[in-house]
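**Student:** Below is the structure I would like to discuss, written out as structure tokens.
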Amino acid sequence: MATSININPDICNGRPIISNTLISVQTIMEFLDAGDSIKEVLEE
Numbered sequence: 570m571a572t573s574i575n576i577n578p579d580i581c582n583g584r585p586i587i588s589n590t591l592i593s594v595q596t597i598m599e600f601l602d603a604g605d606s607i608k609e610v611l612e613e
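For what it's worth, our numbering labels the leading residue of the sequence shown as 570, then goes sequentially.
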């Protein structure tokens, strides 16, 4: 699965987000750091 990361100053205060979502890369990294698996993150 190819996923792009976009940065737009008008979305999420310019934080990097996963393309076609409003989910920040930081949020995904925090879930993974907390011990969630990639599968769990994708299901959420």
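The beta-carbon is built from N, C-alpha and C at its ideal position, and this holds for glycine as well.
Give the DSSP-derived three-state secondary structure of Asn-582 in the structure shown.
**Tutor:** Looking at Asn-582 - three-state DSSP - the assignment turns out to be helix.
**Student:** What is the DSSP secondary structure of Ile-607, reduced to helix, strand or coil?
**Tutor:** The answer is helix: DSSP assigns Ile-607 an H, G or I state.
**Student:** In the DSSP assignment, what residue or residues form a beta bridge with Ile-597?
**Tutor:** Beta-bridge pairing links Ile-597 to no other residue.
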